[in-house]
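Novice: Residue numbers (our numbering): 2 to 150.
Idealized CB from N, CA, C, for every residue including glycine.
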Amino acid sequence: MSSNLRPLFWTLPLAKLTPAEWEALCDGCGKCCLNKLEYEDTGELEFTRVACRLLDGDSCRCRNYEIRHQFVPECVRLTPKSLKKSVYWMPVTCAYRLRYEGKPLEPWHYLISGDPETVHGARQSVRGWTVSEAEVPEEDWQDYIIEDL
2 MSSNLRPLFW TLPLAKLTPA EWEALCDGCG KCCLNKLEYE DTGELEFTRV
52 ACRLLDGDSC RCRNYEIRHQ FVPECVRLTP KSLKKSVYWM PVTCAYRLRY
102 EGKPLEPWHY LISGDPETVH GARQSVRGWT VSEAEVPEED WQDYIIEDL
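1. Out of curiosity, what's the CA-to-CA distance linking Leu-150 and Asn-5?
2. On the criterion of 16 or more Cβ atoms from any shown chain inside 10 Å, does His-70 qualify as buried, or is it exposed?
3. Can you give me the C-alpha to C-alpha distance between Val-120 and Arg-128, rounded to a whole angstrom?
4. Let me check understanding here. Comparing Cα to Cα, which of Tyr-111, Tyr-40 and Arg-98 lies closest to Leu-9?
5. Ignoring anything shorter than 3 residues, give me the beta strand (DSSP E) runs that lie fully in the region 28-99, in order along the chain.
6. Quick one: complete alpha helix (DSSP H) runs, 4+ long, within the region 96-129?
7. Along the chain, where does the alpha helix (DSSP H) that runs through Ala-135 open and close?
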């Protein structure tokens, strides 16, 4: 872990985190990069296994994170201020959502376990089971809905 991160920074209120600490809170699961279907009439939200074209399915990280908006302008810029309007679609295991809700991080989170592979070993990441949105037309996304995430 970087030396510019404070010990136990993840237990602090989100608004107190430095930009580096904010970024380090991500568990690397890749779930936020899955395309979702939201039904206007009901507000229901369903995750699909169709992933953003920039997601690396092995590392579960964005291939071009720093410049992702050049390729995917609609990619969310998650910040402590924007989190409130985005948290409803984030996975229930997401560190940002958990901390927003005042809950502790999961035991498999690398900040707790000390190992960034723990998220994958706990089967909490999308490693190995996504399909790129470049391969699936949007009208077929409903065929890729995930029942449990």
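Specialist: This is what the structure holds:
1. Looking up residue 150 in the sequence shown gives position 149. Looking up residue 5 in the sequence shown gives position 4. One C-alpha to the other measures close to 33 Å.
2. The residue you call residue 70 lines up with position 69 of the sequence shown. An exposed status is given to His-70, since fewer than 16 other beta-carbon atoms sit within 10 Å of its beta-carbon.
3. To locate residue 120, count along the sequence shown from 1; it is residue 119. To locate residue 128, count along the sequence shown from 1; it is residue 127. Looking at the two C-alpha atoms, the distance is approximately 10 Å.
4. Taking the first residue of the sequence shown as 1, we reach residue 9 at position 8. Among Tyr-111, Tyr-40 and Arg-98, the Cα nearest to that of Leu-9 is on Tyr-111.
5. The region 28-99 contains, as complete beta strand (DSSP E) runs of 3+ residues, the segments 35-39 and 46-52 (chain order).
6. 96-101, 111-114 and 119-122
7. Start at 1 with the first residue of the sequence shown, and residue 135 comes out as number 134. Taken as a continuous stretch (DSSP letters only), Ala-135 belongs to no alpha helix (DSSP H), as it is neither H nor E.
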